[in-house]
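J.:
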Amino acid sequence: MQIRISTRHGNISEQTRSKIIAKVERLTRLFDRLTEIEVTIDLEHRDNPDVDLRASAEHKHDFVATSKGGELIASIDEVVHKLEQQLRKYKERIQTRHRVAAGREEEEEEVAPDSETAGS
Numbered sequence: 452m453q454i455r456i457s458t459r460h461g462n463i464s465e466q467t468r469s470k471i472i473a474k475v476e477r478l479t480r481l482f483d484r485l486t487e488i489e490v491t492i493d494l495e496h497r498d499n500p501d502v503d504l505r506a507s508a509e510h511k512h513d514f515v516a517t518s519k520g521g522e523l524i525a526s527i528d529e530v531v532h533k534l535e536q537q538l539r540k541y542k543e544r545i546q547t548r549h550r551v552a553a554g555r556e557e558e559e560e561e562v563a564p565d566s567e568t569a570g571s
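See the structure below:
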């Protein structure tokens, strides 16, 4: 998995960059099918940085979270939290679909013999 950090209108220190990478890597524990994570930090307004986080997963699924204003590390935490919520919701939806599909097959098998005996 690739992690890219880019900045606009300024630079961030290596220490801040390593903190951001550590926070963003937590997302892979939640959803292991992530292929790329891109963090964009806009420092046009030094006191209110804009942070965009885009995570790409297999099968062309993109997850995006944005935070504007506040301190840089607090904005990173907020964006990571938003993306965690999106990933949890997506993962739950996928798991629910598979459970429902398996349940429907079982119901169809049970219902089919009953309808044949009722018609005879």
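Position in the sequence shown (from 1) plus 451 gives the number in this note's numbering. Positions of the beta carbon are idealized from the N, C-alpha and C atoms, including for glycine.
#1: Thinking C-alpha only, which one of ASN499, ARG497, ALA516, ASP498 is nearest ALA506?
#2: Short check: CB of LEU481 to CB of GLU529, under 9 Å?
#3: Compare the Cα-Cα distances from ILE471 to each of ARG455, ASP483, LEU538, GLY461 and report the closest residue.
#4: Give me, in chain order, the residues of the same chain whose beta-carbon lies closer than 7 Å to that of ILE545; leave out the 5 immediate sequence neighbours on both sides.
#5: Name the residue from ILE488, VAL475, GLY520, THR479 whose alpha carbon lies nearest to the alpha carbon of ARG497.
#6: If the criterion is Cβ atoms closer than 9 Å, does the pair THR491 and THR458 meet it?
#7: Given a cut-off of 9 Å, decide if LEU504 and ILE488 are closer than it, judged by their beta-carbon atoms.
#8: Quick one: complete beta strand (DSSP E) runs, 3+ long, within the segment 467-542?
#9: Compare the C-beta of LEU538 against all C-beta atoms of chain C and say whether one is closer than 9 Å.
T.: Inspection of the coordinates gives the following:
#1: Your numbering for residue 506 matches position 55 in the sequence shown. Comparing Cα-Cα distances from ALA506 to each of ASN499, ARG497, ALA516, ASP498, the minimum goes to ALA516.
#2: The residue you call residue 481 lines up with position 30 of the sequence shown. The residue you call residue 529 lines up with position 78 of the sequence shown. No, the pair does not count as a contact, with Cβ atoms beyond the cut-off.
#3: Position 20 of the sequence shown holds residue 471. Of the listed residues, the one whose Cα sits closest to ILE471 is ARG455.
#4: Numbered from its first residue, the sequence shown carries residue 545 at position 94. Here the set comprises nothing.
#5: Residue 497 sits at position 46 when you count from the first residue of the sequence shown. Among ILE488, VAL475, GLY520, THR479, the Cα nearest to that of ARG497 belongs to GLY520.
#6: For the purposes of this step, residue 491 is taken as the residue at position 40 of the sequence shown. For the purposes of this step, residue 458 is taken as the residue at position 7 of the sequence shown. Yes, the pair counts as a contact, with Cβ atoms nearer than the cut-off.
#7: Here residue 488 refers to the residue found at position 37 of the sequence shown. Here residue 504 refers to the residue found at position 53 of the sequence shown. It is a contact, given that the beta carbons lie within the stated cut-off.
#8: 485-493, 501-508, 512-519
#9: The question asks about chain C, but that chain is absent: this structure has only one protein chain.
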